[in-house]
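Engineer: First, the structure itself, so that you have it in front of you.
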Amino acid sequence: MRVITGSARGRRLQTVPGNDIVRPTSEKVKEAVFSSIQFDIEGRRILDLFAGSGQMGIEALSRGALNAHFVDNSDVSLSVVKQNLKGTPFEDDAIIVKSDYKSFLAKTKETFDIAFLDPPYGRGILEDALNLTSEKMSDFGIIVCEHPREETLPAVSGKFSVQREYKFGKICVTVYKKGET
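Note that my numbering has the sequence shown beginning at 47, numbered continuously upward.
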């Protein structure tokens, strides 16, 4: 894994050991996601929910995001996020939070512009996380969900509607925007 572009372009990122719960987003998928939102990143507030290695939030910071919240309930994952941020110019722009998604979203007073949701597959939590996240988004917010192709997400979540879907083998990425269909 590496940062694709921006101020940390080419930087190698560590992955979370094991592959049973945390699956790193492939470079092909990450490139497609960031190509679709490339003009919406600079100066934005990022939520990397189910952060894993933190690669999505770090990529956004590398591309000029204002800050990024990295939220995960795994000490191992958060240790990898800290390791990946160490020595980058983003350490002061990163907020690392140990929490499950429900508790974090219930307690945070923050509003986010872009949220990346990539929960463990097969646990049935993505739709709930999507609904809760939609309440914490700005008026021009974007929610990016990575999920198995066979998992169907709703066309609408709160004030957000599916803008686009991308399919990559067994993986699907669904992008939501506020008020768009």
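Where a beta carbon is used, it is the ideal one built from N, C-alpha and C, also for glycine. Treat the numbers as computed from the prediction; the structure is a model and nothing was measured.
Which residues bound the alpha helix (DSSP H) around V103?
Structural biologist: Per the sequence presented here, residue 103 reads as Gly, with Val not at that position. G103 -> alpha helix (DSSP H) spans 101-108.
Engineer: When you compare only the Cα positions, how much space is there between E73 and T154?
Structural biologist: Roughly 30 Å between the two C-alpha positions.
Engineer: Is the distance from the Cβ of L100 to the Cβ of A111 below 9 Å?
Structural biologist: In the sequence under discussion, the amino acid at residue 100 is Gly, which differs from the Leu named in the question. No, Cβ-Cβ distance for G100 and A111 is not below 9 Å.
Engineer: What does the alpha-carbon distance come out to for the pair G89 and D139?
Structural biologist: One C-alpha to the other measures close to 11 Å.
Engineer: Within 10 Å of its beta-carbon, does R169 have 16 or more other beta-carbons around it, so buried, or fewer, so exposed?
Structural biologist: The residue is exposed, with fewer than 16 neighbouring Cβ atoms inside 10 Å.
Engineer: Looking only at its chain, what residues have a beta carbon closer than 7 Å to the beta carbon of G215, apart from the 5 residues adjacent to it on each side?
Structural biologist: If we look at G215 and ignore the five residues flanking it on each side, it has no Cβ neighbours.
Engineer: Can you say whether E105 is buried or exposed, counting buried as having 16 or more other CB atoms within 10 angstroms of its CB?
Structural biologist: It counts as buried.
Engineer: Going along the chain, which residues of its own chain have a beta-carbon closer than 6 Å to the beta-carbon of D159, five neighbours each way excluded?
Structural biologist: Cβ within range, chain order: R90, R91, S184, G187.
Engineer: Do S82 and V235 count as a contact pair if the criterion is CB distance below 9 Å?
Structural biologist: It is not possible to answer for residue 235, since the shown part of the chain is limited to 47 through 227.
Engineer: So I142 packs on F162, CB below 8 Å; how close in whole Å?
Structural biologist: Their Cβ separation, rounded to whole angstroms, is 15 Å, which puts I142 and F162 out of contact at 8 Å.
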